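Visitor: Per numbering that gives the first Met the number 0, the sequence shown starts with residue 0, numbered consecutively.
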Amino acid sequence: MKLLKICCSKWVNESRDYRELSVYREEGADITVLAKGEVGDKLVKDIVEDFEVFRYTTKPLGEKIPSPINKMISLFQWASFARKQYPDIISGHDLLALTIGWLSTLFMRKKPKLIYDSHEFEIGRNANRSGLSKWLILHWEHFMIKRSALTVVVNDSIADEVARLYKLREKPTVVRNIPVQFDINEEECKKVRERFLEKLGVEKLLVYHGLVCKGRGIEATIGAMPKLENVGLLVVGNPDSLEYLCELRNISRELNVESRVEFHEAVPHEELWKFVGVADVGVVMISPVSKSYYYALPNKLFECIQIGIPVVGSDLPEIKKIVNGYNIGTIANPDDSESIAMAIEKLINSKSVYDKVKFNVEKSKKILCWESEKRVLSKAFNEISH
């Protein structure tokens, strides 16, 4: 059984895709990945996380040709490559990738089955989309879901909303973005923690990890720092722009907390525990800047759980369901520094409260792990592949 995964980005640090494809491989699939390459790349072979990847440029006519023309040409070039692989199943990383997969099946007698792996709430991804753009996406996604053998979404809220929007008889399959259990060296964590505590001159540590960009509550978290004595903030991740990183540094400077806020570049996923595990509290402050963010259930929440630290999470439906349901932290308004400060203080200022929450985190690690979650995907994949 041949399976082709299509991803229109560089396909690096795509931990959810790696886990998804590992399940398919366990079920006997022979896997190839088609992903974005550099200008001039035409089926450049690569190996990522032990998966064979072919990289194809999205600018086949060169950088001087207008982007829309390049994209249209590359759309059909990618579809042509996909068709020549003669896959039994095509998994699309998102709606665009799924569309390429579908194009590759046109006029084929024996069509490959399609898997729509929707990482976000597609229609709500960008709050600035025009009315026409939303209308087109709404109708196109409905069209593609009807032609997919399996649609996978990341949480119950999105599954409910997609089923409602498209009047589906069955809800999409929910496979949450949960990591595998981490192998953590407690002694190493303690060493790294002591280093940061000494450098920042504090007694407690908060950590934010992930892409450093707007909509993640980073500004509001820094705004909470003046209200938190002897607490440092470690921000681990690469910024989406140097301008935004400068903006965050300026906020820290203006609030006179610059000495207690440390910005650290992104680290390999297998080393993440060294930097998240140093903290007393993990910060998961997604701001509802779009409907997709409103429904977010980010993997950083589950990574904090697997690494063993309580969290302060956004007062949003899916995040709140996990944090309150398992009693693993506190909830705050992601746009309100006062609310964030109060939620953090509630955790770190009472040893009895913190110890209880920490105990619950340890219990939930055995439940909220990929080893358990993957069974849902394995069952769904078996139903369409046999």
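Ideal placement from N, C-alpha and C gives every residue a C-beta, glycine not left out. The model shown is predicted, which means the values in this text are computed figures rather than measured ones.
Check whether the Cβ atoms of G222 and M284 sit closer than 8 Å, and answer yes or no.
Guide: The residue you call residue 222 lines up with position 223 of the sequence shown. The residue you call residue 284 lines up with position 285 of the sequence shown. Contact flag unset, no.
Visitor: Helix, strand or coil: which one does DSSP assign to H141?
Guide: Sequence index remark: in the sequence shown, residue 141 carries index 142 (1-based). The answer is helix: DSSP assigns H141 an H, G or I state.
Visitor: What three-state label does DSSP hand C212 in the structure shown?
Guide: Start at 1 with the first residue of the sequence shown, and residue 212 comes out as number 213. Coil, per DSSP.
Visitor: Per the DSSP calculation, A34 is bridged to which residue(s)?
Guide: Locating residue 34 in the sequence shown gives position 35, where the first residue counts as 1. Looking at the DSSP assignment, A34 forms a beta bridge with C6 and R54.
Visitor: I289 and D334: beta carbons closer than 8 Å?
Guide: Along the sequence shown, one-based indexing puts residue 289 at 290. Along the sequence shown, one-based indexing puts residue 334 at 335. The sequence shown places Ser at residue 289, not Ile. It is not a contact, given that the beta carbons lie outside the stated cut-off.
Visitor: In its own chain, which residues sit with a C-beta less than 7 Å from the C-beta of G100, not counting the 5 before and 5 after it?
Guide: Locating residue 100 in the sequence shown gives position 101, counting from the first residue. Once the five neighbours on either side are set aside, the close Cβ partners of G100 are I5, A81, I89, G91 and L113.
Visitor: Thinking just about the alpha-carbon of each residue, which of S79, P267 and N154 is nearest to the one in F106?
Guide: For the purposes of this step, residue 106 is taken as residue 107 along the sequence shown, with counting starting at 1. Of S79, P267 and N154, the residue nearest in Cα terms is S79.
Visitor: Between which residues of its own chain and E51 is the CB-CB distance below 6 Å, once the five residues before and five after are set aside?
Guide: Numbered from 1 along the sequence shown, position 52 holds the residue referred to as residue 51. So the list reads T31, once near-sequence residues are dropped.
Visitor: In this structure, what does DSSP give as the bridge partners for T329?
Guide: As a position in the sequence shown, residue 329 is number 330, starting the count at 1. Answer is V311, bridged to T329.
Visitor: If you check the beta carbons only, do V311 and V282 fall under 8 Å apart?
Guide: Here residue 311 is taken as the residue at index 312 of the sequence shown, counted from 1. Here residue 282 is taken as the residue at index 283 of the sequence shown, counted from 1. In this structure, V282 lies closer than 8 Å to V311 by Cβ.
Visitor: Go to D45, then tell me how far its beta strand (DSSP E) extends in each direction, as first and last residue.
Guide: As a first step, residue 45 is located in the sequence shown; it is residue number 46 there, counting from the start. K41 to V47 is the span of the beta strand (DSSP E), which, as asked, contains D45.
Visitor: Specify the secondary structure class of K110 as computed by DSSP and reduced to three states.
Guide: Looking up residue 110 in the sequence shown gives position 111. Residue state, collapsed to three classes: coil.
Visitor: Am I right that M224 and L232 are in contact with their C-beta atoms under 8 Å? What's the rounded C-beta distance?
Guide: Along the sequence shown, one-based indexing puts residue 224 at 225. Along the sequence shown, one-based indexing puts residue 232 at 233. Indeed they touch by this definition, with Cβ atoms about 6 Å apart.
Visitor: Suppose the cutoff is 6 Å on Cβ atoms and the five residues either side in sequence are ignored; what does the same chain contact list for D87 look like?
Guide: On the sequence shown, residue 87 is found 88 positions in, with the first residue counted as 1. So the qualifying residues of the chain are M0, K1 and P111.
Visitor: So, N237 versus V266, is the Cβ gap smaller than 8 Å?
Guide: Here residue 237 is taken as the residue at index 238 of the sequence shown, counted from 1. Here residue 266 is taken as the residue at index 267 of the sequence shown, counted from 1. The Cβ atoms of N237 and V266 do not sit closer than 8 Å to each other.
Visitor: Taking the alpha helix (DSSP H) that I318 falls in, what are its first and last residues?
Guide: Locating residue 318 in the sequence shown gives position 319, where the first residue counts as 1. Start and end: P316 to G324.
Visitor: For L232, name the three-state secondary structure that DSSP assigns.
Guide: Numbered from its first residue, the sequence shown carries residue 232 at position 233. Three-state result, L232: strand.
Visitor: Quick one: is P67 buried, meaning 16 or more other Cβ sit within 10 Å of its Cβ, or exposed?
Guide: Sequence index remark: in the sequence shown, residue 67 carries index 68 (1-based). Exposed, because fewer than 16 other Cβ atoms sit within 10 Å of the Cβ of P67.
Visitor: Is the beta carbon of F380 less than 8 Å from the beta carbon of I177?
Guide: Position 381 of the sequence shown, counted from the start, is the residue given in the question as residue 380. Position 178 of the sequence shown, counted from the start, is the residue given in the question as residue 177. The answer is no: Cβ separation not under 8 Å.
Visitor: So, at 7 Å on beta carbons, what are the nonlocal neighbours of N125 in its own chain, with the 5 sequence-adjacent residues on each side left out?
Guide: To locate residue 125, count along the sequence shown from 1; it is residue 126. So the list reads S289, once near-sequence residues are dropped.
Visitor: Between which two residues does the alpha helix (DSSP H) containing L254 stretch?
Guide: For the purposes of this step, residue 254 is taken as residue 255 along the sequence shown, with counting starting at 1. From DSSP, L254 is part of no alpha helix (DSSP H); its letter is neither H nor E.
Visitor: Between the alpha carbons of M143 and L137, how many angstroms are there, rounded?
Guide: Taking the first residue of the sequence shown as position 1, residue 143 is located at position 144. Taking the first residue of the sequence shown as position 1, residue 137 is located at position 138. Near 10 Å, if we compare the C-alpha coordinates of L137 and M143.
Visitor: I'd like the span of the beta strand (DSSP E) that includes T150, first residue to last.
Guide: What you label residue 150 is simply residue 151 of the sequence shown in a count that begins at 1. Run containing T150: L149 to V152, per the beta strand (DSSP E) assignment.
Visitor: Secondary structure at V280, three-state DSSP: helix, strand or coil?
Guide: Counting from 1 along the sequence shown, the entry for residue 280 is found at position 281. The answer is strand: DSSP assigns V280 an E or B state.
Visitor: Please determine if the region 145–154 and the region 241–252 are in contact, where contact requires at least 3 C-beta pairs separated by less than 8 Å.
Guide: no
Visitor: Using 8 Å for Cβ pairs, my map puts G307 next to G276. What's the rounded Cβ distance?
Guide: Against the sequence shown, residue 307 aligns to sequence position 308. Against the sequence shown, residue 276 aligns to sequence position 277. Right, their Cβ atoms sit about 7 Å apart.
Visitor: Starting from the Cα of V179, find the closest Cα among Q305, T329 and N69 and give me that residue.
Guide: The residue given as residue 179 occupies position 180 in the sequence shown. Of the listed residues, the one whose Cα sits closest to V179 is Q305.
Visitor: Based on the DSSP secondary-structure assignment, which residues constitute the bridge partners of E261?
Guide: For the purposes of this step, residue 261 is taken as the residue at position 262 of the sequence shown. Answer is L233.
Visitor: Ends of the beta strand (DSSP E) at S90?
Guide: Along the sequence shown, read from residue 1 onward, the residue named residue 90 stands at position 91. Bounds of the beta strand (DSSP E) holding S90 are I88 to G91.
Visitor: Please confirm whether R168 has its beta-carbon closer than 8 Å to some beta-carbon of chain D.
Guide: No chain D appears in the structure shown, which is made up of a single protein chain.
Visitor: Work out the CA separation of I339 and M71 for me, nearest whole Å.
Guide: Counting from 1 along the sequence shown, the entry for residue 71 is found at position 72. Counting from 1 along the sequence shown, the entry for residue 339 is found at position 340. Each residue's alpha carbon lies about 45 Å from the other.
Visitor: Near F120, which residues of its chain fall below 7 Å by C-beta distance, leaving aside the five closest residues on each side in sequence?
Guide: Taking the sequence shown and counting its residues from 1, the one referred to as residue 120 is at position 121. If we look at F120 and ignore the five residues flanking it on each side, its Cβ neighbours are I157, E160, K290, S291 and Y294.
Visitor: Between the region 253–272 and the region 186–205, are three or more C-beta pairs nearer than 8 Å?
Guide: The answer is yes - the region 186–205 touches the region 253–272, with three or more Cβ pairs under 8 Å.
Visitor: I need the DSSP call for V173, collapsed to helix, strand or coil.
Guide: Taking the sequence shown and counting its residues from 1, one reaches residue 173 at position 174. DSSP places V173 in strand when its eight states are reduced to three.
Visitor: Determine the closest residue to N326 out of S336, N332 and D354, with distance taken between C-alpha atoms.
Guide: Walking along the sequence shown from the start, residue 326 turns up at place 327. When only C-alpha atoms are compared, the closest one is D354.
Visitor: Provide the residue span of the alpha helix (DSSP H) that contains M71, from first to last.
Guide: Taking the first residue of the sequence shown as position 1, residue 71 is located at position 72. S66 to K83 is the extent of the alpha helix (DSSP H) around M71.
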